[in-house]
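Okay, here's the thing in structure tokens:
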């Protein structure tokens, strides 16, 4: 299912600017975010799903940062 408009929140899933070890973590969440957009209808529930996925991605990247220190 293709949606005419990409949700703006997807920009926060970009990972090209990250160091490789963090990009590996973030890339998995970016792929899942795209699947959520492709497989669900736009609306409040999709927005909540993407917002919570973003929170989880941020936590995972922070955990990867903590692991290296």
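In our numbering, the protein residues as written are 1 to 69. C-beta atoms are modelled at their ideal positions from N, C-alpha and C, and glycine is treated no differently.
With 16 or more neighbouring CB atoms inside 10 Å of its own CB, residue 26 falls in the buried class. Counting C-beta pairs closer than 8 angstroms gives fewer than three between the stretch 33–51 and the stretch 15–22, which falls short of the contact rule. Between residue 15 and residue 52, the alpha-carbon positions lie close to 17 angstroms from each other.
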